[in-house]
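Residues 1 to 189 (full-length UniProt numbering) are what the sequence shown spells out, left to right.
For glycine and all other residues, C-beta sits at the position ideal for the given N, C-alpha and C.
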Amino acid sequence: MRTSLSRRRLVVAAGALTVGLAGCTGGDGDATPTATPTSTTARTDPAPVPAEASCAVCNMVPANFPDYNAQLTVEAGDRVFFCSSGCFGAYYVDPGHFEPSHEGTTFAGLWVHDHETKELIDARSAWFVRETNADRVDDPMQRNPLPFADRADAEAYVAGYDDLSEADILRLDDFDTDLATFYRGRFFE
């Protein structure tokens with residue numbers, strides 16, 4: 001009888017261990033991550049966008065937009081991916097709206113793709129054009145602030161259009177709720 005009781009305990013313990021470990025794998029496998037811990041890449045360096053990552057704002061797949069996607073890292077270690085600079089800007093302005101654990105967070109790294117070169121650049125040193133005409137740019141989500149590594153490139157862009165001026169050239173610190181809702185208002189409702 002003692003053997004039977006020990007065997008039962010072993011089966012129950014093995015089952016509990018299996019259930020416990022399954023709970024640690026991050027869910028049922030149906031969810032697509034929007035934020036992932038950074039372990040192999042420093043928080044201050046950009047990383048390749050995983051094919052399975054989804055935009056933390058609109059849920060599109062950033063890997064499908066290699067010339068437009070963006071990413072950021074938070075001091076806590078999460079890396080967050082976006083399909084475009086517009087979604088990036090919305091998250092930057094109000095991260096807690098999209099990920100409650102990121103409320104009041106400090107960003108470790110911020111990257112966007114240069115509109116002209118398509119190179120990934122540091123968003124903190126980028127110049128952004130407040131583009132309001134979705135017909136001028138063929139990018140995800142149709143309306144996005146356009147990032148440039150050099151101010152001269154941003155100036156050249158606005159000089160090409162009568163409805164844009166140098167007042168439409170911004171820094172990341174200029175992003176506010178009004179700008180975020182202009183580009184991604186429906187995600188703040």
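Label residue i either buried or exposed according to how many other C-beta atoms from any shown protein chain fall within 10 Å of its C-beta, with 16 as the threshold for buried.
i: E52; result: exposed
i: T73; result: buried
i: P66; result: exposed
i: D139; result: buried
i: A180; result: buried
Considering Cα atoms alone, identify which of the options is closest to residue i.
i: D94; options: A47, S85, T105; result: T105
i: L172; options: A159, L120, F88, D138; result: F88
i: H115; options: E99, S85, A134; result: S85
i: L120; options: V61, M60, F148; result: F148
i: F107; options: D78, T132, L179; result: D78
i: F81; options: A180, M60, P100, S125; result: M60
i: D174; options: F128, P100, T132; result: F128
i: A167; options: Q142, C83, Y183, T132; result: T132
i: S54; options: P100, C83, A76, D150; result: C83
i: M141; options: R184, E75, D150; result: R184
i: A70; options: A42, A76, H113, G96; result: H113
i: D122; options: N144, V137, D150; result: D150
In angstroms with no decimal places, state the Cα-to-Cα distance between residue i and residue j.
i: Y68; j: D135; result: 16 angstroms
i: L146; j: R130; result: 7 angstroms
i: A154; j: P48; result: 26 angstroms
i: H102; j: F187; result: 17 angstroms
i: L170; j: S125; result: 11 angstroms
i: L164; j: V158; result: 5 angstroms
i: W111; j: K118; result: 12 angstroms
i: T41; j: P100; result: 24 angstroms
i: E189; j: E75; result: 28 angstroms
i: Y161; j: F182; result: 20 angstroms
Could you please give the first and the last residue of the uninterrupted beta strand (DSSP E) stretch that includes residue i?
i: D78; result: 78–82
i: G109; result: 107–113
i: L146; result: 146–148
i: T73; result: 70–74
Any beta carbon from chain B within less than 8 angstroms of residue i's own beta carbon?
i: A123; result: The structure shown contains no chain B; it holds only a single protein chain.
Using a Cβ-Cβ cut-off of 6 angstroms (strictly less than) and excluding sequence neighbours within five positions of residue i, which residues of its own chain qualify?
i: A63; result: V49, A51
i: Y91; result: A56, V57, F98
Identify, in the order they occur along the chain, each residue of the same chain with its Cβ nearer than 8 angstroms to the Cβ of residue i, setting aside the five sequence neighbours on each side.
i: D45; result: G109
Go to residue i, then tell me how far its alpha helix (DSSP H) extends in each direction, as first and last residue.
i: V137; result: Per DSSP, V137 belongs to no alpha helix (DSSP H) and is neither H nor E.
i: V158; result: 151–159
With a threshold of 7 angstroms on Cβ separation, who are the neighbours of residue i within its own chain once the five nearest residues in sequence on each side are excluded?
i: D176; result: V93
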